[in-house]
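Visitor: The opening position of the sequence shown corresponds to residue 1 in full-length UniProt numbering, with each subsequent residue numbered one higher. We put the beta carbon where it would ideally sit given N, CA and C, even for glycine. The structure displayed is predicted, hence computed values, not measured ones.
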Amino acid sequence: MKVALIGATGNAGSRILAELARRGDEVTAIVRHPEKVPALPHVTAKQGDVFDQDGLARLLTGHDAVISAIHFTDSDPRKLIEAVRASGAKRYLVVGGAGSLEVAPGQRLVDTPNFPPQYKAEALKGGEFLALLRQEQELNWTFLCPSAMFVPGERTGKFRLGTDQLLVDDKGKGWISFEDFAVALVDELERPAHERRRFTVGY
Numbered sequence: 001m002k003v004a005l006i007g008a009t010g011n012a013g014s015r016i017l018a019e020l021a022r023r024g025d026e027v028t029a030i031v032r033h034p035e036k037v038p039a040l041p042h043v044t045a046k047q048g049d050v051f052d053q054d055g056l057a058r059l060l061t062g063h064d065a066v067i068s069a070i071h072f073t074d075s076d077p078r079k080l081i082e083a084v085r086a087s088g089a090k091r092y093l094v095v096g097g098a099g100s101l102e103v104a105p106g107q108r109l110v111d112t113p114n115f116p117p118q119y120k121a122e123a124l125k126g127g128e129f130l131a132l133l134r135q136e137q138e139l140n141w142t143f144l145c146p147s148a149m150f151v152p153g154e155r156t157g158k159f160r161l162g163t164d165q166l167l168v169d170d171k172g173k174g175w176i177s178f179e180d181f182a183v184a185l186v187d188e189l190e191r192p193a194h195e196r197r198r199f200t201v202g203y
C-alpha cells in the first residue's frame, strides 16, 4: 500500500512510520525537516507545509491512504481535509486525542473539572476536527483516539478497542503506548473496521 504520513517524526508519527515500514508499506513521510526522518525500508521523506493546501495536495496525490499525525493546534483541519480530498486518496486516518471521548453520557473528558489546562486548547481543536469529519460527505475517514495517557512504551500488540467512551482499567487508569497505538492504527488501515467513524484504543 502507498501511504502518505503527515507528521512522521513526532511521538505518534515516528511509531506509525516504523510500523508501516515493518509491514512493508511504501511510505511518503511528509515533514518540515526531511533530514530528521530515519532511514527505513520503503520510506521517502518529503518536505511539506500543512498550511499550503495546494502544495500538500500535490504531495498526497498518488497514495492509497493518508495518515495525519500532527498536533491540531499546529494545523488547520479544513486545509488538511481539502488537501486529502483533492489528492484522490481513498482513506484518511487521523491521530485523534482523548479529550473528545466521553466519560459519561454526553460528557467529554475535556469538559471535566480536572482536565489539565495545558492540554485544553489541543483537545478542543481535536473535537472541532472530529466534528468537521462527521460532516464530510466524500472522504472515507477514520479518527483514532488514544487513551488519556499517551506515552512511550512497548509494542505488545495487546490492547482493547472502544468507540466513543474513554477506556480505563479496573483501577480507573486509561493509557496506551505510542507503539501499540501505531499497531492499532495500521491494523485499521489494513483491515478497515471503523470507516467514517471514531474509535479508541487502550489497555
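1. In three-state DSSP terms, what is K171?
2. Take R23 and list the residues in its own chain whose beta-carbon comes closer than 7 Å to its own, dropping the five residues that flank it on each side.
3. With C-beta atoms as the reference, is T73 less than 7 Å away from E122?
4. Pull up the DSSP beta-bridge partners for Q107, would you.
5. Look at the alpha carbon of Q118 and the alpha carbon of E136, and state the distance between them as a whole number of angstroms.
6. Along the alpha helix (DSSP H) that carries V50, what are the first and last residues, could you check?
7. Between the C-alpha atoms of T156 and R85, what's the straight-line distance to the nearest angstrom?
8. With a threshold of 8 Å on Cβ separation, who are the neighbours of K90 within its own chain once the five nearest residues in sequence on each side are excluded?
9. For L93, which residues does DSSP report across the bridge?
10. Here's a check: name, in chain order, each residue in its chain whose Cβ is nearer than 7 Å to the Cβ of G96, leaving out the five neighbours to either side.
11. Please name the residue or residues paired with Q165 in a DSSP beta bridge.
12. Evaluate F51 with the Cβ neighbour count: other Cβ atoms within 10 Å of its Cβ, from every protein chain shown; 16 or more gives buried, anything less gives exposed.
13. Answer yes or no: do P41 and A18 have a C-beta to C-beta separation smaller than 7 Å?
14. State buried or exposed for R134, treating a residue as buried only when at least 16 other CB atoms are found within 10 Å of its CB.
15. From this set, D54, A39, S100 and E102, which residue's C-alpha is nearest E82's C-alpha?
16. Within the continuous alpha helix (DSSP H) that includes A4, where are the two ends?
17. Taking the C-alpha atoms as reference points, what is the distance between G7 and E35?
18. Kindly indicate the opening and closing residues of the alpha helix (DSSP H) around A184.
19. Would residue 205 and S177 be called neighbours here (beta carbons separated by less than 7 Å)?
Guide: Let me lay it out:
1. coil
2. V186
3. yes
4. A104
5. 30 Å
6. That residue, V50, is in no alpha helix (DSSP H); it is neither H nor E in DSSP.
7. 34 Å
8. D64, A65 and N140
9. I67 and T142
10. G126, L130, F143, L144, C145 and R198
11. E102
12. exposed
13. no
14. exposed
15. D54
16. From DSSP, A4 is part of no alpha helix (DSSP H) but of the beta strand (DSSP E) over K2 to I6.
17. 13 Å
18. F178 to E190
19. Because residue 205 is not part of the residues shown, which for the chain are 1 to 203, the question remains open.
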